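Taking it in order: structure first as structure tokens, then the write-up.
Number of protein chains: 2
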Amino acid sequence: MGSMTTRRWVLAERPAGIPDDKTFKLEEQDLPAVEDGQVRVRVTHFSLDPGMRPALSRDTYVGATPIGSLITSAGIGIVEETKDEKLAVGDMVTGGFGWQSGLVVKGRHCVKHNPALFKGKVTPTAAIGILGIPGMTSWFGLKNIARLKEGETVLISSASGPVGATAGQLAKLMGAGRVIGIAGSKAKCDWLTAEAGFDASINYRDAANLEDAMHDATSGGADIYFDNVGGEMLDAAINVLKPGGRIAVSGQLAEYNLDEPRGIRNTLPFITQRLTMQGFVVLDFVREFGPAAMQMAQWINEDKLLYREEVVDGIENAPAAYAGLFKGENFGRRLIKVS
Amino acid sequence: MGSMTTRRWVLAERPAGIPDDKTFKLEEQDLPAVEDGQVRVRVTHFSLDPGMRPALSRDTYVGATPIGSLITSAGIGIVEETKDEKLAVGDMVTGGFGWQSGLVVKGRHCVKHNPALFKGKVTPTAAIGILGIPGMTSWFGLKNIARLKEGETVLISSASGPVGATAGQLAKLMGAGRVIGIAGSKAKCDWLTAEAGFDASINYRDAANLEDAMHDATSGGADIYFDNVGGEMLDAAINVLKPGGRIAVSGQLAEYNLDEPRGIRNTLPFITQRLTMQGFVVLDFVREFGPAAMQMAQWINEDKLLYREEVVDGIENAPAAYAGLFKGENFGRRLIKVS
Chain A
1 MGSMTTRRWV
11 LAERPAGIPD
21 DKTFKLEEQD
31 LPAVEDGQVR
41 VRVTHFSLDP
51 GMRPALSRDT
61 YVGATPIGSL
71 ITSAGIGIVE
81 ETKDEKLAVG
91 DMVTGGFGWQ
101 SGLVVKGRHC
111 VKHNPALFKG
121 KVTPTAAIGI
131 LGIPGMTSWF
141 GLKNIARLKE
151 GETVLISSAS
161 GPVGATAGQL
171 AKLMGAGRVI
181 GIAGSKAKCD
191 WLTAEAGFDA
201 SINYRDAANL
211 EDAMHDATSG
221 GADIYFDNVG
231 GEMLDAAINV
241 LKPGGRIAVS
251 GQLAEYNLDE
261 PRGIRNTLPF
271 ITQRLTMQGF
281 VVLDFVREFG
291 PAAMQMAQWI
301 NEDKLLYREE
311 VVDGIENAPA
321 AYAGLFKGEN
331 FGRRLIKVS
Chain B
1 MGSMTTRRWV
11 LAERPAGIPD
21 DKTFKLEEQD
31 LPAVEDGQVR
41 VRVTHFSLDP
51 GMRPALSRDT
61 YVGATPIGSL
71 ITSAGIGIVE
81 ETKDEKLAVG
91 DMVTGGFGWQ
101 SGLVVKGRHC
111 VKHNPALFKG
121 KVTPTAAIGI
131 LGIPGMTSWF
141 GLKNIARLKE
151 GETVLISSAS
161 GPVGATAGQL
171 AKLMGAGRVI
181 GIAGSKAKCD
191 WLTAEAGFDA
201 SINYRDAANL
211 EDAMHDATSG
221 GADIYFDNVG
231 GEMLDAAINV
241 LKPGGRIAVS
251 GQLAEYNLDE
261 PRGIRNTLPF
271 ITQRLTMQGF
281 VVLDFVREFG
291 PAAMQMAQWI
301 NEDKLLYREE
311 VVDGIENAPA
321 AYAGLFKGEN
331 FGRRLIKVS
């Protein structure tokens, strides 16, 4: 039968700055009975997403997370009880399950494990990682927003994170001439160039002048800045873009914990260098996810595309592991394994 | 024979803030002899361009204006001596003549007056105004950068200036649903709605909260922000753009006199609202100027497109008239008539 209760993290108070002990509260709750069209899912893993940080503090396009309500995230789980004819007990499913150990949910809000994708070197957790929202963000950010062209130079921030690392490798596979990653430690930078096929890397904690370091590493300028960070790093990158340069705004990690946004100072180069800055929500491309995921799974199995996951054991560790995302602790996609 | 000397304004020292008495110096100089392929031009009018302000202080895409060198601008003049077979004495020509009363210049750097354009209600000075760089900036900013679509709502800053006033009227002629202009006085705002066909206007000096005023005037949001100003006004406009909104960065008037750029704070909405901000240099579209100018001249003669010019008499008044552009003094294109 599995568990008829769920342990769930809810929002206790709106954080100022990086979320801490007071931000979240762990509750235990009974699950409701399963009704027609629903399934009961035991969650095995859920993701820790920096992108949901703004909704903890203020209204966003998905609304503000209400006090007392479940923290949102992608999850993987096993169907334990079903009143949906398309799903059987034991099926592996993914969905927006939140930071919790179990739930009753409509079957049509679950995506059933696709065996064509998760074989060979592709782990099941890739479903909410490189083949989920982060990986799709890399793919569509490069293809549809930055409109990468053969031979171009691509500069990527937060490059050892799940979006950045995938974006850099995809850029090379899609024909970029030169790919440079920015990360926050020597180990991360070494991994980018030694393992992930980046042409160069910049350790932003070491650089005396970030803009100079970007100029050097790009060999004179970038065509594309794939931006996961915003703020000062974005300002520096603007000054390194070539005429006609594009900024794909994928994330703004440096902004999420600020009470007052910092933004950018450099708007004049938008005119003089003919720059374009475009933001996007990857769910807008959901109908095209299938073929992109198939191609990426193939590249993973051919050892052309690597991904890193950090699995943190225990639902009780979610808040600290989440806060660590904003301190540059993580190296790859960070997931919670629900013990 | 005309004059064999020129009176010319050169850069005396780099301004901090709005240019003042010390910024420019008036010199008198002999003109060189006319050589093969050259003409001598007596300048009748030249333009005062806010867009050249950054080059007075720092390096830009056209380089920094060197101390002691001529201030750049568009001009209109009469050929007084010619060694170019395509130009005759008495021809009216335009070109990048600078703030001066005469010059010797290559004939192929002059554009000969096109009688098909300058007839009926189209004055010769329109050649360096609505049918010159400012008007072309409006046209290509809307068509090629903002990619205006039928029925969309367009918000325009510095809307009574030469670029803004033309952009607003062109937007209506190109099928916009609603056009709102922002200007700095009641007289300017009244002109926008009573004469220039704008649907609404905002006096930014009067608005208690600019963002609220933008929301009200746009009836709930804009698809396009045609930006001539940058800074705080751009930050407010970002919060008023609808999903998929576009910002055409035509000018950044509020930035030009700052030692340290101000920029924008609001980058998060680029993601949540899927915004695009794109800058441009109108000279990139120079091969398409001809047909655009013909269409605009026709609309002017049909009374569908108005333009305003302020002609200031006397080359000695150029610096004060120029500084006034940054104080919101001007109402339409400001030109110097060389007495």
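Each protein sequence line maps, in turn, to chains A and B. For what it's worth, the UniProt record's numbering labels the leading residue of the first sequence as 1, then goes sequentially. For what it's worth, the UniProt record's numbering labels the leading residue of the second sequence as 1, then goes sequentially. Here a beta-carbon is modelled for each residue, glycine too, at the ideal position from N, C-alpha and C. Bear in mind that the values here come from a model prediction, so they are computed numbers and not experimental data.
Practice problem: Excluding the 5 residues preceding and the 5 following arginine 205(B) in the sequence, name in chain order all residues of the same chain whose CB lies nearer than 6 Å to its CB. | Solution: Gly184
Quiz item: Excluding sequence positions up to five away, which residues of its chain have a Cβ less than 7 Å from the Cβ of glutamate 150(B)?
Solution: Gly175
Quiz item: Just how far apart, CA to CA, sit alanine 321(B) and glycine 168(B)?
Solution: 25 Å
Quiz item: Anyone know if the C-beta pair for threonine 125(B) and isoleucine 76(B) falls short of 8 Å?
Solution: yes
Quiz item: Looking only at DSSP bridge pairs, what is methionine 277(A) linked to?
Solution: Ile247(A), Met277(B)
Practice problem: Verify whether the separation of the beta carbon atoms of glycine 279(B) and phenylalanine 46(A) is less than 8 Å. | Solution: no
Self-check item: Proximity test, Cβ basis, 8 Å: leucine 283(B) and chain A
Solution: no
Quiz item: Tell me which same chain residues have a C-beta within less than 6 Å of the C-beta of alanine 297(A), skipping the five on either side of it?
Solution: Leu117, Val122
Self-check item: Interface residues of the stretch 111 to 137 of chain B facing chain A [CB-CB below 7 Å]
Solution: none
Quiz item: Would the beta-carbon of threonine 94(A) fall within 8 Å of that of alanine 127(A)?
Solution: yes
Quiz item: If you draw a straight line from the alpha carbon of serine 201(B) to that of leucine 148(A), how long is it in whole angstroms?
Solution: 40 Å
Self-check item: Inter-residue Cα distance where the pair is glycine 96(B) and isoleucine 247(B)
Solution: 29 Å
Practice problem: To the nearest angstrom, report how far apart isoleucine 300(B) and leucine 170(B) are at their CA atoms. | Solution: 11 Å
Quiz item: Is it the case that the CB of tryptophan 299(A) approaches a heavy atom of the ligand HEM more closely than 7 Å?
Solution: No copy of the ligand HEM appears in this structure; indeed no ligand is present at all.
Self-check item: Inter-residue CB distance, lysine 186(B) and serine 160(B) (contact presumed, cutoff 8 Å)
Solution: Incorrect: roughly 11 Å between the Cβ atoms, too far for contact.
Quiz item: For the stretch 263 to 288 of chain B, which residues have a beta carbon sitting closer than 8 Å to at least one beta carbon of chain A?
Solution: Gly263, Ile264, Arg265, Asn266, Thr267, Leu268, Pro269, Phe270, Ile271, Thr272, Gln273, Arg274, Leu275, Thr276, Met277, Gln278, Gly279, Phe280, Val281, Asp284
Quiz item: glutamate 232(A) lies in the alpha helix (DSSP H); which residues open and close that run?
Solution: 231 to 238
Exercise. Output, in chain order, the set of chain B residues within a Cβ distance shorter than 7 Å of glycine 230(A).
Key: Thr267
Quiz item: Roughly how many angstroms separate the alpha carbons of leucine 335(B) and valine 312(B), rounded to a whole number?
Solution: 6 Å
Quiz item: Less than 8 Å separating the beta-carbons of glycine 129(B) and glutamate 329(B)?
Solution: no
Self-check item: Entirely enclosed beta strand (DSSP E) segments - the stretch 79 to 109 of chain B, minimum 3 residues
Solution: 92 to 95, 102 to 106
Quiz item: Within 10 angstroms of its Cβ, does threonine 276(A) collect 16 or more other Cβ (buried), or is it exposed?
Solution: buried
Quiz item: In chain A, what lies closer than 7 Å to proline 54(B) by C-beta?
Solution: Leu268
Quiz item: From phenylalanine 331(A) to glutamate 85(A), what distance separates their C-alpha atoms?
Solution: 40 Å
Quiz item: Terminal residues of the continuous beta strand (DSSP E) containing glutamine 252(B)?
Solution: Here glutamine 252(B) belongs to no beta strand (DSSP E), and DSSP marks it neither H nor E.
Quiz item: For leucine 87(B) versus valine 39(B), is the C-beta spacing smaller than 8 Å?
Solution: yes
Quiz item: Count the other CB atoms within 10 Å of the CB of threonine 5(B); is the residue buried (16 or more) or exposed (fewer)?
Solution: exposed
Quiz item: To which residues of the same chain is asparagine 317(A) closer than 8 Å at the C-beta, ignoring the five residues directly before and after it?
Solution: Ile336
Quiz item: Using the beta-carbon of each residue, which ones in chain A are nearer than 8 Å to valine 249(B)?
Solution: Thr267, Phe270, Ile271
Quiz item: Which residues mark the beginning and the end of the beta strand (DSSP E) in which glycine 168(A) is found?
Solution: Segment 162 to 173 is the alpha helix (DSSP H) holding glycine 168(A); no beta strand (DSSP E) there.
Quiz prompt | C-alpha gap between proline 162(A) and leucine 306(A), whole angstroms | solution = 10 Å
Quiz item: leucine 241(B) and glutamate 255(A): beta carbons closer than 8 Å?
Solution: no
Quiz item: DSSP state of glutamate 310(A), grouped into three classes?
Solution: strand
Quiz item: With isoleucine 264(B) and isoleucine 264(A) assumed to form a contact (beta carbons below 8 Å), what rounded beta-carbon distance in angstroms separates them?
Solution: 6 Å
Quiz item: If you check the beta carbons only, do phenylalanine 24(A) and alanine 12(A) fall under 8 Å apart?
Solution: yes
Practice problem: For proline 291(A), go through chain B and note every residue whose CB falls closer than 9 Å to its CB, in chain order. | Solution: The premise fails here: proline 291(A) is roughly 22 Å from chain B at the closest Cβ pair, so nothing lies under 9 Å.
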